[in-house]
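The structure appears right after this line, and notes come after that.
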Amino acid sequence: MKFYFRAEFGRYASSLDKAGLFTEMITNELQTGEKTFSYSNFDAAIDRINQGWIVARIMRYTPYYEPFANGETILTGIEASLVPRFLNPDKPKAGGRDNFERFTGKKISENTSMGLSPLGEAYANFGVDGGIFFMFMLGLFYNFYMFVILRLALKYHSLILWLPLLFLQVVKAETDFVVVLNHLVKASIVVAMIIFSIRKFALIKL
């Protein structure tokens, strides 16, 4: 439904009209299911969740038309995750359009957000062998992070319940490295603040 809503979105000026459009479209779809269960919608959904075709396009386009980035986007992602936006106004925004078009050569619409995925970005930066090594190191990082969470959960028992939030972007397909790492860092800070605040002020041992 998001695709169809976006197609009609620009025709309405006020927020009230847009809300009315959304309600009308959802109501009609719940009654008919015409768009949700159409073959074209299933094809589009499979394309979006299939990380393989994104990686294939990257490998077909890079380095023949766009040279390997040699760690550029990885370093940018690390910097963007550690430095707040008010200190770095030019830090990348979520959506992945620029990197997607740069390394696949495929133009996507202004209303579409689609990233390379960590696997695709690993190849776009380091090639096949370097990409394999990078993914191995990224896996070790996730393993270490999980180890730390499980150790902390021995003291802060509810921490284990926050794992779905902490790993929300990690397990998603076609999400750029900058989005994955940025979410992991920011979500960790938010969860730590919530647990600390509740233990400090509500005197509840989460």
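Every letter in the sequence shown is one number past the one before it in our numbering, and letter 103, counting from 1, is 309. Glycine included, each C-beta is placed from N, C-alpha and C at the ideal position.
Residue i versus the options, residue with shortest Cα-Cα distance
{"i": "Gln-257", "options": "Ser-323, Trp-368 and Tyr-270", "result": "Ser-323"}
{"i": "His-389", "options": "Leu-374, Ala-398 and Ala-379", "result": "Leu-374"}
{"i": "Ala-379", "options": "Lys-312, Gly-226 and Gly-321", "result": "Gly-321"}
{"i": "Ser-319", "options": "Thr-381, Thr-229 and Tyr-362", "result": "Thr-381"}
{"i": "Val-376", "options": "Val-334, Lys-392 and Gly-337", "result": "Lys-392"}
{"i": "Glu-278", "options": "Ile-404, Val-397, Phe-383 and Leu-367", "result": "Phe-383"}
{"i": "His-363", "options": "Phe-342, Met-343, Val-397 and Phe-347", "result": "Val-397"}
{"i": "Pro-273", "options": "Ala-408, Gly-311 and Phe-228", "result": "Gly-311"}
8 Å Cβ cutoff met for residue i and residue j
{"i": "Phe-309", "j": "Tyr-270", "result": "no"}
{"i": "Ala-275", "j": "Asn-331", "result": "yes"}
{"i": "Ile-264", "j": "Gly-326", "result": "yes"}
{"i": "Ile-401", "j": "Leu-365", "result": "yes"}
Cut-off 8 Å between Cβ atoms - residues of its own chain near residue i, not counting five sequence neighbours on either side
{"i": "Phe-340", "result": "Ile-280, Ala-328, Asn-331 and Phe-332"}
{"i": "Ser-394", "result": "Leu-372"}
{"i": "Glu-307", "result": "Lys-313 and Ile-314"}
Close-in-space but distant-in-sequence residues of the same chain around residue i (CB under 7 Å, 5 per side omitted)
{"i": "Leu-387", "result": "Gly-283, Ile-284 and Ser-287"}
{"i": "Asp-335", "result": "none"}
{"i": "Ile-338", "result": "none"}
Residue i: CB within 7 Å of a non-hydrogen atom of the ligand GTP
{"i": "Leu-365", "result": "Annotation note on the ligand GTP: not contained in the displayed structure, which lists no ligands."}
Nonlocal neighbours in the same chain, by C-beta distance under 6 Å from residue i, ignoring five residues either side
{"i": "Leu-358", "result": "Leu-365"}
Exercise. Touching or not, the region 279-294 and the region 351-364, by the rule of three or more beta carbon pairs under 8 Å?
Worked result: Not touching, per the Cβ criterion.
Problem set entry | Segments of 4+ residues assigned as alpha helix (DSSP H) that fall wholly inside the region 291-372 | Whole alpha helix (DSSP H) segments, 4+ residues: 303-310, 323-358 and 369-372.
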